[in-house]
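With positions in the sequence shown counted from 1, the corresponding number in full-length UniProt numbering is that position plus 6.
Ideal Cβ placement from N, Cα and C applies to all residues, glycine included.
All values derive from a computational prediction rather than experimental measurement.
Notes for the one structure printed next.
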Amino acid sequence: PLIRLEDYRPSDWLIDTVDLDIALDERETRVRSLLGLRPNPGGQAGAPLVLDGDELTLANVKLDGVALGAGAYSVTPQGLIIHAPPQRGFTLTVETVVNPSANTKLMGLYRSSNAYCTQCEADGFRRITYFLDRPDVMSVYTVRLEARKAEAPVLLSNGNRVATGDVIGSDRHFAVWHDPHPKPAYLFALVGGALDHVREDYVTAEGNKVELAVYVEPGKAGRAGWALDSLVRCMRWDERVFGRNYDLDVFNVVAVSDFNMGAMENKGLNIFNDKYVLADPQTATDGDYASIEAIIAHEYFHNWTGNRITCRDWFQLCLKEGLTVFRDQEFSSDERSRPVKRIADVRTLRATQFSEDAGPLAHPVRPRAYKEINNFYTPTVYEKGAEVIRMLKVLIGADAFKRGMDLYFERCDGTAATIEEFLACFAESSGQDLSHFARWYEQAGTPTITASGRYDAAAQTYTLDLAQSTPPTPGQPEKLPVVLPVALGLVGKGGDLPLHTGSNAYAGNGVIVLDRPSLSVTFSDVAEPPIPSLLRGFSAPARLELDLGDADLLKLFSTDSDSFNRWQALQSVATRALVETGSGASNRVWLMGKARELAAALDLFLREQAAADPAFAAQVLRLPAPADIAREIGRDVDPERIHAAHRSLSAEIGNALAARLATLREALAESGPYAPDASAAGQRALRNEALGLIAIGDPDIGARLAQLQFAGADNLTDRLAALAAMTLIPGAAREELIARFAERYASEPLVLDKWLMAQALIAEPGTLDRVKELMRHPAFSLGNPNRVRALIGGFAANLTQFNRADGAGYSFVADIVIALDRTNPQVASRLLGSFRAWRMLEPGRRALAQSALAMVSNMPNLSRDVADIAERALA
Ligand code: ARG
Ligand code: ZN
């Protein structure tokens, strides 16, 4: 059924307290739940009590302690209905039995390695017991866990531990946890197992003592330190920057190896995909260290933005996710380099969200309707949701933003809130009318800003004409203008010129607010013809079409005071060259001319500035990806032609810069043992970016350097970069390095994931067979989401091979989606999302992709998850 935002109704019943008694067992876990219910004054009086349930076996049900007669309730596949509950407070005791070992969907209570764990967001709690499984029903939980001592010496749940003990006369023990903060069921969690941990005492700014711990599989405690360190740093940061203190006596993080997503913010008991917890120099890359820091922070930050203030309904998902992504991005920016973090985030935004927005799965940051909410944990809700918050801050200014956040924390604490309530806080703190701004939550699609400028030497004025338009998206054929903060500078010979204008579109602080289809702003006292630097810091999630020639862009690249736009300027030149060639409008000879222009600019940059900020330089050296070019071309895309253009451009730049890159690599040579900090990581990033370019330019030299680096490296980052460079160079040496890598890391599944993915991404016709072969490798398993995402997800992200002209890539992925759907619909539907860009392909591939999608769509008994994606992708 389609669930609509406008159909929201408060619950007829409330559950004030939940007492759970859970006896863990591999096959027959018994759950006794005592619910303290009462009619909701805001609900409908006399309504039946309809509790959600999914794949539960009901043992018995009692009302106020008295067994209910058979006619008093019904059990359906969707839940338990009490037909005529008393119209007053009462208790309901429900006993159910679940089989955690049979739970391959990894929603609800399941087994991972040898531990018990849970995942309840969005609607997994109903797979543990019958409940009002909706976020606006908030309850105080007391949880008694019991298990065989030998099997699960560690028993964790939300809140504070209030009792532990042995079950007399048995080999079992128990722990009781109490969480004083009312919470929705999706934040419930438990963990049981034999786990190791690292711990640290923490005192909040307000002076409360907190025991922090990170739990991992036995033997892995040596890899938990970075996560714990990140946790301490993000807790301090949230105290300092948002004034938020932690509110329980314990905070636990648990890493499990079978997990559908990245991590989950369960109150006081965050559960993580172990990929985002475990790190040491031999098994994690610099990128992993950075993601662990970011995701530890993200989940911790949810304690305020998500848990204490939760969502009224799932349409408000961006209320917690967009805001929390914004918070984790800010944390990482403060811990590392702000411009480099911004560049990385914008790359991700464009690669994931812009491509979602450009295809059949496009939806607003706040969707209006859904069939399966798990399909809406998307880049649009998360990343675009964060961009909306970032724009809000630019529009109203940092002070009003801070006061708005404080008001939100104060006013909405303890409630299940809406976007409207959130925005009201900022309207109040800023005195601005934000009703037009709110359109960002309702309207899907990526706006294009078209800009052109005119200089009038006689009048000493510069006029900027700006216009916006948003292409149609599914269900939204007509688009209205949105509020676009355009941060800008006018760059003259000596740097930024002062901005003088009487235009009321100018908000001051270098920001024009483009809130209508088009407008012009005239700046006065402009003493020289400037180059406009627009959308500085990527001030709005939009495409920019700017009528600047490559020469002006290259000037911005070398002189703009805004680092983001320096990076962007060079990317724009490269993008334009690749779009021209990749669409067939220009030929290879023309492209070589562009390559030499780019190489000359890069050469100067590398010589003069790379050493000062290697992390930034690494971003500059990395050209836009072929998939970015495909999206820019947007129609009749031929992936092979784009790939060929990309390769030629990279090779030519690599060749032209060979000597410079080699010198640079030596200058950056590792000194001292591995350290994961941003500065050391930045040096490695630049060295390895250089290695990739060298390898494309001159495969012989590249292979030699990669082999040397592999042999001499003392860390995974450098070894993996060597492997990645080698994958660009077909031949026996590559296969040999691939084999050696696998031997070295034979017992490290997370490292082998990277090995699987590196091979799945090889842009050669043999890759499909290689991937099929790798599915038989002992390191691979269709049952583990990380393995599937690495190998199959990697392949589906391989522009040329997934989009093979013969359609074999499509049918391969479609077959796996179908197979996987029987065990894990969420992972299957994610994978099916790889088809999201099919409509922009040239007609041959388009038809083949469509028939693969139709093949999936026509399968009987599809999960709601996969059926929904297939249906929307084809619509
Ligand atoms: N709330 C989690 C986070 O962002 C993610 C949960 C994803 N859930 C899902 N059903 N896809 O931190
Ligand atoms: Zn989140």
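{"Item": "Answer yes or no: do residue 880 and residue 857 have a C-beta to C-beta separation smaller than 8 angstroms?", "Value": "no"}
{"Item": "Among residues of its own chain, excluding the 5 on either side of residue 475, which ones have a beta-carbon nearer than 6 angstroms to its beta-carbon?", "Value": "454"}
{"Item": "Residue 725: buried (16+ other C-beta within 10 angstroms of its C-beta) or exposed?", "Value": "buried"}
{"Item": "Output the boundary residues of the alpha helix (DSSP H) element that contains residue 319.", "Value": "Note, residue 319: premise wrong, no alpha helix (DSSP H); not H, not E."}
{"Item": "Taking the alpha-carbon positions, what's the residue 81 to residue 432 distance?", "Value": "46 angstroms"}
{"Item": "Within the continuous beta strand (DSSP E) that includes residue 577, where are the two ends?", "Value": "Element bounds for residue 577: not the beta strand (DSSP E) but the alpha helix (DSSP H), 569-588."}
{"Item": "Could you please go through the chain and list the residues whose beta-carbon is closer than 6 angstroms to any non-hydrogen atom of the ligand ARG?", "Value": "127, 128, 267, 269, 270, 271, 304, 305, 327, 380 and 383"}
{"Item": "Residue 341 and residue 250: beta carbons closer than 8 angstroms?", "Value": "no"}
{"Item": "Taking 7 angstroms as the cut-off, is the C-beta of residue 316 nearer than that to any heavy atom in the ligand ZN?", "Value": "no"}
{"Item": "In this structure, does DSSP put residue 863 in helix, strand or coil?", "Value": "helix"}
{"Item": "Would you say residue 308 touches the ligand ZN, meaning its beta carbon is less than 7 angstroms from a heavy atom?", "Value": "yes"}
{"Item": "Between the Cα of residue 413 and those of 401, 422 and 429, spot the shortest distance and give me the residue it belongs to.", "Value": "429"}
{"Item": "Return the residue from the list 567, 845, 228 and 94 that minimises the CA-CA distance to residue 70.", "Value": "94"}
{"Item": "Is residue 131 helix, strand or coil by DSSP?", "Value": "helix"}
{"Item": "In chain order, what residues of the same chain have a beta carbon less than 8 angstroms from the beta carbon of residue 301, not counting five sequence neighbours either side?", "Value": "268, 269, 278, 282 and 334"}
{"Item": "Under 8 angstroms, do residue 756 and residue 786 count as touching if we go by C-beta distance?", "Value": "no"}
{"Item": "Closest to residue 43 by CA distance: which of 56, 390 and 832 is it?", "Value": "56"}
{"Item": "For residue 469, name the three-state secondary structure that DSSP assigns.", "Value": "strand"}
{"Item": "Hey, out of 775, 659, 694 and 660, whose CA is closest to residue 675's CA?", "Value": "694"}
{"Item": "Can we say the stretch 245-260 touches the stretch 173-182, given the rule of at least three CB pairs closer than 8 angstroms?", "Value": "no"}
{"Item": "Are the beta-carbon atoms of residue 731 and residue 772 separated by less than 8 angstroms?", "Value": "no"}
{"Item": "Any heavy atom of the ligand ZN closer than 7 angstroms to the Cβ of residue 330?", "Value": "yes"}
{"Item": "Would residue 789 and residue 110 qualify as a contact pair, given that the criterion is a beta-carbon distance under 8 angstroms?", "Value": "yes"}
{"Item": "Cα-Cα, which of 746, 837 and 10 is closest to residue 374?", "Value": "10"}
{"Item": "According to DSSP, is residue 4 part of a helix, a strand, or is it coil?", "Value": "With the chain covering only 7 through 881, there is no way to say anything about residue 4."}
{"Item": "Mind the definition here: the stretch 347-357 touches the stretch 534-550 only if three or more C-beta pairs lie below 8 angstroms; say whether that holds.", "Value": "yes"}
{"Item": "For chain C, find out if any of its Cβ atoms is closer than 8 angstroms to the Cβ of residue 397; answer yes or no.", "Value": "Absent here is chain C; the protein component of the structure consists of one chain."}
{"Item": "Can you give the beta carbon distance from residue 682 to residue 292, rounded, assuming they're within the 8 angstroms contact cut?", "Value": "6 angstroms"}
{"Item": "What is the residue span of the alpha helix (DSSP H) that residue 748 lies within?", "Value": "738-750"}
{"Item": "Of the choices 462, 688, 729 and 850, whose alpha-carbon is the least far from that of residue 644?", "Value": "850"}
{"Item": "Secondary structure at residue 447, three-state DSSP: helix, strand or coil?", "Value": "helix"}
{"Item": "Between 870, 497, 714 and 290, which lies nearest to residue 232 when the distance is taken from Cα to Cα?", "Value": "290"}
{"Item": "Going by alpha carbons, who is nearest to residue 567 out of 774, 516, 689 and 167?", "Value": "516"}
{"Item": "Mind the definition here: the stretch 507-515 touches the stretch 523-534 only if three or more C-beta pairs lie below 8 angstroms; say whether that holds.", "Value": "yes"}
{"Item": "Count the other C-beta atoms from every protein chain shown that fall within 10 angstroms of the C-beta of residue 15, then say buried if there are 16 or more, exposed otherwise.", "Value": "exposed"}
{"Item": "With C-beta atoms as the reference, is residue 691 less than 8 angstroms away from residue 620?", "Value": "yes"}
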